[in-house]
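**Q** The structure is given below, and queries will be raised subsequently.
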Amino acid sequence: MEQDLGGSRQTAGNFSFISNTGTPLRPGTPNTDRNPFGDERLDPQGSQHLGGPNPFASPNISRPASSFGSSSALGSQPRGQRYFHSRRVKKDEVEKPWLSKADPKEKWVTILPILGILVGLGISGFLIWDGIRSVVKHKYCVVLEDNFDTFNTDVWTKEVQVGGFGNGEFEQTTNTDENVYVENGHLFIKPTLQDESLINKDTVINLLKDGTCTSKAWSDCVAATNTTVGNSTIVPPTRSGRINSKKGASIKYGRVEVVAKLPEGDWLWPAIWMLPVDETYGPWPLSGEIDLVESRGNNRSYGQGGNNIVSSTLHWGPDAGNDAWWRTNVKREALHTTYSSGFNTFGLEWSQKYLFTYVNSRLLQVLYTNFDEPLWDRGNFPAANSNGTRLEDVWSQTGRDNTPFDQKFYLILNVAVGGTNGWFDDSKSGKPWLDASPNAKKDFWNARNTWYPTWKNPALEVSKVSMWQQCDGNEEL
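For the sequence shown, the positions run 114 to 590 when this note's numbering is used.
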């Protein structure tokens, strides 16, 4: 290390620096009292500031040799630095266009969006008004309002049959208080097991003999058990209830509401539905059928949907093989619950122009259909059935698009059990019988130890039934 205390040059190793005093300067310390932000310029060689070194530059001693390209660049001459230049806009140079004269065209930038919003609101308001105005508001007259303080035999008929009602159902419907009764202001339609002795020995149930059968067909009134080896015929393995309002309450256009809790139990089939008082256009389904509600008592894990799903359907067609029900069938699922967990209002609104069903509110529609074209045309039926018999259009002659749904219908409440018509699919959830099997009823009975324990709450429980007739003189609306 070399020092010259009387002069200004000091040497440390291969590095040197200049000082105006005898005291060495710290690297990076300015050696002048002049304003470092002065307006001085670099000399032509760009190697030294006229006003002194840039106070923001790193001293040479702090730079590695590699930053100068080679070791020969190292020396006592300080390297020139670009001086800091502020880019801040001076106060008197800021443009203020809003202080200048306004362009008259600029106001439209504000006016046009406001006009667009106002026009949009106006159109929306008109559409809402027009929609409300177009909603038909009918006047309705009360036909039936039953709170089930008692079982009103002037309105309701208990159907007594053993024939399966065209669906191969496994119940005998009875007129006993065991299967249909009123309790605490509620109607109960409750399925039960058949008397086991009627299945284990040769038996005949003849409803014609005691005069209780409510059907005119022999097959609906007589059933038997045959215990001969190889014979699987048995009487219906269960008993249940079915009631109708045919003699006491019916409507042609109007509304229906049934407040009910659906049953719970495997292979139960509850229904709230309507049939025509007169078969004006012929046997089913020529004269139509309206199903407000159908469901299954199985739990929600059942493949086709259990008591968490209801469906609404219209049946209409020239014969059973050409029933166009699938064109007017809609399902609705309960949200986070089941229709067996509590009471729901199942409703129907029906006019000449439309028909819809709903759950709890007219806004929560299940099935909606407009009668805006003849149902015969809508059905697109073939010219003949599978036997080659010509299918005749008996609806269009009325001149009404809603035929056959242009006549009086009555209400039916029932709980069926099983069946062989496909309501319970053979391939779903351990069904213990096959629809096509001649042993279907017996197979179902033999599996009772699996399904009967699930019948914890097997009754259709109804708290109120209301029916209204459209009576405003505008039945064509």
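Every residue gets a Cβ at the ideal spot worked out from N, C-alpha and C, and that includes glycine.
Asp490: which of Gly501, Ser499 and Pro517 sits nearest, CA to CA?
**A** Closest option to Asp490, Cα to Cα, is Pro517.
**Q** Tell me which residue opens and which closes the alpha helix (DSSP H) that Gly281 is part of.
**A** Careful: Gly281 lies outside any alpha helix (DSSP H) and carries neither H nor E.
**Q** Please state whether the Cβ-Cβ distance between Trp558 and Pro350 is less than 8 Å.
**A** A contact, by the Cβ cut-off of 8 Å.
**Q** Near Gln478, what residues of its chain come up, given a Cβ to Cβ distance below 6 Å and the 5 sequence neighbours on each side ignored?
**A** Cβ neighbours of Gln478 beyond the five flanking positions: Phe469 and Tyr471.
**Q** Please identify the residue among Asn500, His449, Val406 and Trp508 whose C-alpha is closest to the C-alpha of Thr458.
**A** Checked all of Asn500, His449, Val406 and Trp508; the closest Cα to Thr458 is Val406.
**Q** What is the rounded straight-line gap between the Cα of Leu461 and the Cα of Gly586?
**A** One C-alpha to the other measures close to 20 Å.
**Q** Nearest by alpha-carbon distance to Val390: which of Trp380, Glu402, Leu381 and Pro226 is it?
**A** Among Trp380, Glu402, Leu381 and Pro226, the Cα nearest to that of Val390 belongs to Glu402.
**Q** Could you tell me which of Val335, Arg413 and Trp438 sits nearest to Lys541, measuring between CA atoms?
**A** When only C-alpha atoms are compared, the closest one is Arg413.
**Q** Decide if Phe301 is buried, meaning its Cβ has at least 16 other Cβ atoms within 10 Å, or exposed.
**A** Classification for Phe301: buried.
**Q** Could you pull the start and end residues of the alpha helix (DSSP H) that Trp489 belongs to?
**A** Trp489 -> alpha helix (DSSP H) spans Leu488 to Gly492.
**Q** Do Gln583 and Tyr366 come within 8 Å of each other at the CB atom, strictly closer than that value?
**A** Against a cut-off of 8 Å, the Cβ pair of Gln583 and Tyr366 comes out as a contact.
**Q** Determine which residues share a DSSP beta bridge with Glu258 and list them.
**A** DSSP lists Ser579 as partners of Glu258.
**Q** Going by DSSP in three states, Ser425 sits in which element: helix, strand or coil?
**A** DSSP places Ser425 in strand when its eight states are reduced to three.
**Q** List in chain order: all unbroken alpha helix (DSSP H) runs of 4+ residues lying wholly within the region 523-575.
**A** Taking only runs of at least 4 residues, the alpha helix (DSSP H) segments lying wholly in the region 523-575 are 553-559 and 561-564.
**Q** Determine contact between the region 352-360 and the region 550-566, defined as no fewer than three beta-carbon pairs at a distance below 8 Å.
**A** At 8 Å Cβ cutoff, the stretches do not touch.
**Q** Buried or exposed for Leu320, going by 16 or more other Cβ atoms inside 10 Å?
**A** Buried: at least 16 other Cβ atoms inside 10 Å.
**Q** Roughly how many whole angstroms lie between the Cα atoms of Ile318 and Asn493?
**A** If you take the alpha carbons of Ile318 and Asn493, they lie about 43 Å apart.
**Q** How would you call Leu225, buried or exposed, if buried means at least 16 neighbouring beta carbons within 10 angstroms?
**A** Counting Cβ neighbours within 10 Å, Leu225 comes out exposed, since fewer than 16 surround it.
**Q** Please check the pair Leu488 and Asp519, which I expect to be a contact at CB under 8 Å, by giving their CB distance rounded to whole angstroms.
**A** No, Leu488 and Asp519 are not in contact; Cβ-Cβ is about 10 Å, not under 8 Å.
**Q** So, helix, strand or coil for Lys271, using DSSP?
**A** Strand.
**Q** From the DSSP secondary-structure annotation, give me the bridge partner or partners of Ile403.
**A** Met387 and Leu427.
**Q** Go through the region 288-334 residue by residue and report every complete run of the alpha helix (DSSP H) that reaches 4 residues or more, in order.
**A** Whole alpha helix (DSSP H) segments, 4+ residues: 310-313.
**Q** Spell out a yes or no on whether the region 494-511 and the region 527-541 are touching, meaning 3 or more CB-CB pairs, one atom from each, closer than 8 Å.
**A** Touching, no.
**Q** Could you spell out the range, first to last residue, of the alpha helix (DSSP H) harbouring Val222?
**A** Unbroken alpha helix (DSSP H) run through Val222: Trp221 to Ser247.
**Q** Rank Tyr523, Lys569 and Asp539 by C-alpha distance to the C-alpha of Trp269 and give the top, closest one.
**A** Here the closest residue by C-alpha is Tyr523.
**Q** Run through DSSP, which three-state label would Gln465 get?
**A** If DSSP states are grouped into helix, strand and coil, Gln465 belongs with coil.
**Q** Tell me whether Ile356 is buried or exposed, calling it buried when 16 or more other Cβ atoms sit within 10 Å of its Cβ.
**A** Answer is buried; the Cβ neighbour count reaches 16.
**Q** Buried or exposed for Thr527, going by 16 or more other Cβ atoms inside 10 Å?
**A** The displayed chain sequence assigns Asn, not Thr, to residue 527. Asn527 comes out buried.
**Q** Take the Cβ of Leu573 as the centre, count every other Cβ of all protein chains shown within 10 Å, and call the residue buried at 16 or more, exposed below.
**A** So Leu573 counts as buried.
**Q** Tell me which residue opens and which closes the beta strand (DSSP E) that Ser353 is part of.
**A** Thr351 to Ser353 is the span of the beta strand (DSSP E), which, as asked, contains Ser353.
**Q** Check whether the Cβ atoms of Ala373 and Val575 lie closer than 8 Å to each other.
**A** Yes, they are a contact pair.
**Q** Use the C-beta contact count for Trp221: other C-beta atoms within 10 angstroms, 16 or more gives buried, fewer gives exposed.
**A** Exposed.
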